[in-house]
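Protein chains: 2
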Amino acid sequence: MQEMEETNQNTTLAMKFTVQKDKLSDAVNRVMKAISTRTTIPILTGIKITAGLDGITLTGSNSDISIKSFIPLEENGSENVEIDKAGSIVLPSRLFSELVRKLPDEQILIEADSRLIAKITSGKAEFSLNGLDPDEYPNLPVINEKDVVSIRKDLLKDLIRQTIYAVSDSETRPVLTGVKWTIKDGRLDCVATDSHRLAQRSVSIESVNETEVFNIVIPGTSLNELSKILDDDDEKNIDLVITANQVLFKTRNMQFYSRLLDGNYPDTSRLIPSDSKTTMTLSTKDLYHSIERASLLAKEERNNVVKLRADGEQVEISSQSAELGRVFETLNTEKFEGETLHISFSAKFMMDALSKIDAQNVRIFFTGPMRPFIIRPIGDEGILMLILPIRTF
Amino acid sequence: MQEMEETNQNTTLAMKFTVQKDKLSDAVNRVMKAISTRTTIPILTGIKITAGLDGITLTGSNSDISIKSFIPLEENGSENVEIDKAGSIVLPSRLFSELVRKLPDEQILIEADSRLIAKITSGKAEFSLNGLDPDEYPNLPVINEKDVVSIRKDLLKDLIRQTIYAVSDSETRPVLTGVKWTIKDGRLDCVATDSHRLAQRSVSIESVNETEVFNIVIPGTSLNELSKILDDDDEKNIDLVITANQVLFKTRNMQFYSRLLDGNYPDTSRLIPSDSKTTMTLSTKDLYHSIERASLLAKEERNNVVKLRADGEQVEISSQSAELGRVFETLNTEKFEGETLHISFSAKFMMDALSKIDAQNVRIFFTGPMRPFIIRPIGDEGILMLILPIRTF
Numbered sequence: 016m017q018e019m020e021e022t023n024q025n026t027t028l029a030m031k032f033t034v035q036k037d038k039l040s041d042a043v044n045r046v047m048k049a050i051s052t053r054t055t056i057p058i059l060t061g062i063k064i065t066a067g068l069d070g071i072t073l074t075g076s077n078s079d080i081s082i083k084s085f086i087p088l089e090e091n092g093s094e095n096v097e098i099d100k101a102g103s104i105v106l107p108s109r110l111f112s113e114l115v116r117k118l119p120d121e122q123i124l125i126e127a128d129s130r131l132i133a134k135i136t137s138g139k140a141e142f143s144l145n146g147l148d149p150d151e152y153p154n155l156p157v158i159n160e161k162d163v164v165s166i167r168k169d170l171l172k173d174l175i176r177q178t179i180y181a182v183s184d185s186e187t188r189p190v191l192t193g194v195k196w197t198i199k200d201g202r203l204d205c206v207a208t209d210s211h212r213l214a215q216r217s218v219s220i221e222s223v224n225e226t227e228v229f230n231i232v233i234p235g236t237s238l239n240e241l242s243k244i245l246d247d248d249d250e251k252n253i254d255l256v257i258t259a260n261q262v263l264f265k266t267r268n269m270q271f272y273s274r275l276l277d278g279n280y281p282d283t284s285r286l287i288p289s290d291s292k293t294t295m296t297l298s299t300k301d302l303y304h305s306i307e308r309a310s311l312l313a314k315e316e317r318n319n320v321v322k323l324r325a326d327g328e329q330v331e332i333s334s335q336s337a338e339l340g341r342v343f344e345t346l347n348t349e350k351f352e353g354e355t356l357h358i359s360f361s362a363k364f365m366m367d368a369l370s371k372i373d374a375q376n377v378r379i380f381f382t383g384p385m386r387p388f389i390i391r392p393i394g395d396e397g398i399l400m401l402i403l404p405i406r407t408f
Numbered sequence: 016m017q018e019m020e021e022t023n024q025n026t027t028l029a030m031k032f033t034v035q036k037d038k039l040s041d042a043v044n045r046v047m048k049a050i051s052t053r054t055t056i057p058i059l060t061g062i063k064i065t066a067g068l069d070g071i072t073l074t075g076s077n078s079d080i081s082i083k084s085f086i087p088l089e090e091n092g093s094e095n096v097e098i099d100k101a102g103s104i105v106l107p108s109r110l111f112s113e114l115v116r117k118l119p120d121e122q123i124l125i126e127a128d129s130r131l132i133a134k135i136t137s138g139k140a141e142f143s144l145n146g147l148d149p150d151e152y153p154n155l156p157v158i159n160e161k162d163v164v165s166i167r168k169d170l171l172k173d174l175i176r177q178t179i180y181a182v183s184d185s186e187t188r189p190v191l192t193g194v195k196w197t198i199k200d201g202r203l204d205c206v207a208t209d210s211h212r213l214a215q216r217s218v219s220i221e222s223v224n225e226t227e228v229f230n231i232v233i234p235g236t237s238l239n240e241l242s243k244i245l246d247d248d249d250e251k252n253i254d255l256v257i258t259a260n261q262v263l264f265k266t267r268n269m270q271f272y273s274r275l276l277d278g279n280y281p282d283t284s285r286l287i288p289s290d291s292k293t294t295m296t297l298s299t300k301d302l303y304h305s306i307e308r309a310s311l312l313a314k315e316e317r318n319n320v321v322k323l324r325a326d327g328e329q330v331e332i333s334s335q336s337a338e339l340g341r342v343f344e345t346l347n348t349e350k351f352e353g354e355t356l357h358i359s360f361s362a363k364f365m366m367d368a369l370s371k372i373d374a375q376n377v378r379i380f381f382t383g384p385m386r387p388f389i390i391r392p393i394g395d396e397g398i399l400m401l402i403l404p405i406r407t408f
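Residue numbers (the numbering used here), protein chains in the order written: chain F, 16 to 408; chain H, 16 to 408.
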């Protein structure tokens, strides 16, 4: 204590506030999701802390995505923050987040001085941390909030989950690592493909500006991180603002920025067959578990390929591994129309698709053993999943 | 199905039984704890399945430890197993354990034929797996069950937890990677040391043979695995049988074998100081959390060293990192006797020791800044922990 006061005589106070530990801890956890320890820009390993007159803002960024979390002075009648001096500092993120969680008292006093040293006091524990210059922290893009689209958070979460799994993980065509979003005529269409499979979902949304058309490609990794923080507050909706190269998702106390991907997204509509030679309805869960069992052997081989043979009411799922053995299983179809079918496909792709479907039954449309086939949940016409088969016969 | 029956015509049935899925799954999970995927002995990647007249025995082994799990025909009035033909086979462990978990029906039919092919049928799923020859599976040691010691499982679990953390993880003195157990005069003494710290606990036990003295060193890794399976059944006690180079722990349906370590375990009694110059009583939890906070900075440095300064009723805990900053905290002692003290030690060693203590308060006995100090929980005289300090002053 004594030592601290001495050094303070030669410096000026740059920031000072008291905050509730649980509020700070929540906000830190949120912005940590944007921070990468592998960044090549040293200041981005830190959390930027800004004390303003209305509350505390924390910022984390990895240049692709940035997250801001705001702690207002008061909320629901209880006091979160008391500001003694507005200011800002950047503190090492990993250490700061661990430290906040482990402080002994429910109140935390944070001070920063002109030498960029932060003093963090809680109960009888007193930390003195070397900070970084907040002026060196990159500015977040200023986004014109004219064209705002509002979307239900639970719907957004489903949209992400049901499309993101089909993005490409290869950088050979970078635009395919993102999900294409089209906003037009009160509808949001999302589509993802890695050129071996495709997932799309279309939902109706409320847009302030009904005449404008937006076409953007959001990186899959950004949507993945966004999805993780959607449950963090109890607001039902999230606002979406789009610019030429950034998208911003925001609720009252949280802002999530992502860069957009450049490049022309391929026209996927021509991939989707419009006719069907064999159509069958199956229990989503039974089919999933049957493929999962077949995959136990198939995954030991290079391709993880399972075979499906459909002949009227019975569907046979099988696979084999030269070394381990083979598996064979029959499923009853709920409904079957069209020709007898032999087809092979990736067990992983099928399981990925089926696991995103909440409906009890799926309808699968085949147009032959070497043509892409379509999976649609019964009861939601907005969802379509497509898989390219693998030649084995 | 058809295909199976055809091949069966050229072979003879080697084993056939039906088992409840949950019972088989539990038994498989238990023996999997002994199986290493990195073994150099191919047959040890498998699970040995033996159908006898009284039930099914599964065996897993990594040569250091072996686990047998028995499923009796009947238990608590419900039927577990029906044996059609006694016999045995070895099946690939990882595949078999995943498969059992994912089978569709509550009943599983397992058959093996003379070609070592196993057929596993459950509901409409049918697996055919290539097995290995059970005659090639190593025999477990035959242990003479004359000298049996019985111990309460919860006590054994505590004993392991409170000593195993202090074993050496270096192979330079292999005997120190184990915990030394001494059974003598109705007492079991356990001690572990890596030569920088020591943990010991002594408990009274019931032994059939009160006159015999046992001195064994059990590998820490074995005790760690044993600890994980102790909760697997609802028996209160476990039996212990010791031979020259093996120890067997057994309950009604489980047997756990471990090899013993050779070599002379050092006499640790002379390490423990009998006098004390500074003695203090502290809250176990408060001290732990204070060290944990100091460690946040200390662990960024090479040694993870924290400093303790005791001067009457106040204890100061501090640490620093040249790069990140420093931390300083005071604790009130419950009781303090003796000289003023400055000492430095590993935060990790202190946290390891304190986290094994269930008592509310600990008494710490210091005999100077460069002498080992002793931690004892207040209320359990059987437990002693010792730590060597680090020179920093």
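By construction, the Cβ of each residue, glycine as well, lies at the ideal position given by its N, Cα and C atoms.
Computed from a prediction, not measured in an experiment: that's the story for all the values here.
With the criterion set as a beta carbon lying under 7 Å from some beta carbon of chain H, the members of the stretch 134 to 148 of chain F are Lys139, Ala140, Glu141, Phe142, Ser143, Leu144, Asn145, in sequence order. Going by beta carbons, F/Gly102 and F/Ala207 fall outside the 8 Å limit. DSSP lists H/Gly61 as the beta-bridge partner residues of H/Pro107. F/Lys322 sits buried, since 16 or more C-beta atoms from the chains shown fall within 10 Å of its C-beta. Between F/Ala325 and F/Thr299, the C-beta spacing is not below 8 Å. At a cut-off of 8 Å between C-beta atoms, F/Gly61 does not count as an interface residue with respect to chain H. Here H/Ser305 is buried. Its C-beta has 16 or more other C-beta atoms within 10 Å. In terms of CA proximity to F/Val46, F/Ser108 leads the group F/Asp99, F/Gly67, F/Ser108. By the CB criterion at 8 Å, F/Gly397 and F/Ser217 fall inside the cutoff.
DSSP places F/Asn252 inside the beta strand (DSSP E), whose first and last residues are 252 to 257.
For F/Asn44, the enclosing alpha helix (DSSP H) stretches over residues 36 to 47. For the stretch 329 to 351 of chain F, the set of residues with a beta-carbon nearer than 8 Å to any beta-carbon of chain H comprises Glu338, Leu339, Gly340, Arg341, Val342, Phe343, Glu344, Thr345, Leu346, in chain order.
Following the DSSP letters along the chain, one finds F/Gly353 in no alpha helix (DSSP H) but inside the beta strand (DSSP E) bounded by residues 350 to 353. For F/Lys243, the enclosing alpha helix (DSSP H) begins and ends at 235 to 244. Nearest to H/Glu307 by C-alpha distance, out of H/Asp148, H/Ala362, H/Ser242, is H/Ala362. As computed with DSSP, H/Leu311 is found in no beta bridge at all. H/Pro234 sits close to H/Thr192, with the two beta carbons spaced by under 8 Å.
For the stretch 104 to 122 of chain H, the set of positions with a beta-carbon nearer than 9 Å to some beta-carbon of chain F reads Pro107, Leu110, Glu113, Leu114, Lys117, Leu118, Pro119 in chain order. Neighbours of H/Leu311 across chain F, judged by C-beta separation under 9 Å: Leu110, Glu113, Leu114, Lys117, Phe142. Chain H has a Cβ within less than 8 Å of the Cβ of F/Glu307. Residue environment analysis places H/Val342 among the buried positions, since at least 16 neighbouring C-beta atoms fall within 10 angstroms of its C-beta. In the DSSP assignment, F/Met365 falls within the alpha helix (DSSP H) that extends over 362 to 369. When DSSP states are grouped into helix, strand and coil, H/Glu141 belongs to the strand group. Check the Cα spacing between H/Ala313 and each of H/Thr407, H/Asp162, H/Ile257, H/Asp41: the tightest is with H/Thr407. With respect to F/Lys48, F/Ile86 sits apart: the two C-beta atoms are not nearer than 8 Å. Collapsing the DSSP output to three states places F/Pro189 in a helix.
Counting only the Cα atoms, H/Ile62 lies some 15 Å from H/Thr55.
Scanning chain F for C-beta atoms nearer than 8 Å to the C-beta of H/His304 yields Lys117, Pro119, reported in chain order. Beta-carbon to beta-carbon, F/Arg378 and F/Thr293 are separated by about 11 Å, too far to satisfy the 8 Å threshold. Note: F/Val330 is bridge-paired with F/Ala325, F/Leu346 in the DSSP secondary-structure output. Bounds of the alpha helix (DSSP H) holding F/Asp173 are 168 to 179.
When the beta-carbon positions are compared, F/Ile332 and F/Ala368 stay at least 8 Å from each other. Sequence-distant partners of H/Thr197 (beyond 5 residues in either direction) whose C-beta falls short of 6 Å from its own C-beta, in its chain, are Asp204, Asn230. In the DSSP assignment, F/Gly75 falls within the unbroken beta strand (DSSP E) covering 70 to 76.
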